[in-house]
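One structure is given here, and the rest of the page talks about it.
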Amino acid sequence: MYQGIECKIYPNEKQRQLIHMTFGHTRFIWNEMLAMLNARYENNPDLQMLSYNALSSLIPQMKKEYP
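Just so you know, we're using my numbering here: the sequence shown kicks off at -6 and counts up by one.
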């Protein structure tokens, strides 16, 4: 059974900017990983999909590439 808590937050301007920046970074990482997986599949459909751990290990490299 899943349970959750719903609440409203009222961030100030600085916090709002930080939230938007964090969502933007998350969206960028998601799109880059998706593009990489799609290109990998198009080049060789027989290859196995990369695991979560394999993808997670690429994030530090992406941080260096896109500071």
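Think of the CB as a built atom: it goes at the ideal place given N, C-alpha and C, for glycine as much as any other residue.
Member of the options whose CA lies at the smallest distance from the CA of residue i
{"i": "Tyr45", "options": "Lys7, Thr19, Met26, Ile12", "result": "Met26"}
Cβ shell of residue i (< 6 Å), same chain only, five flanking positions each side left out
{"i": "Ala47", "result": "none"}
Close beta carbons around residue i, own chain, < 8 Å, minus the five adjacent residues each side
{"i": "Lys7", "result": "none"}
{"i": "Lys1", "result": "none"}
CB-CB length for residue i against residue j, believed under 8 Å
{"i": "Pro4", "j": "Ile12", "result": "6 Å"}
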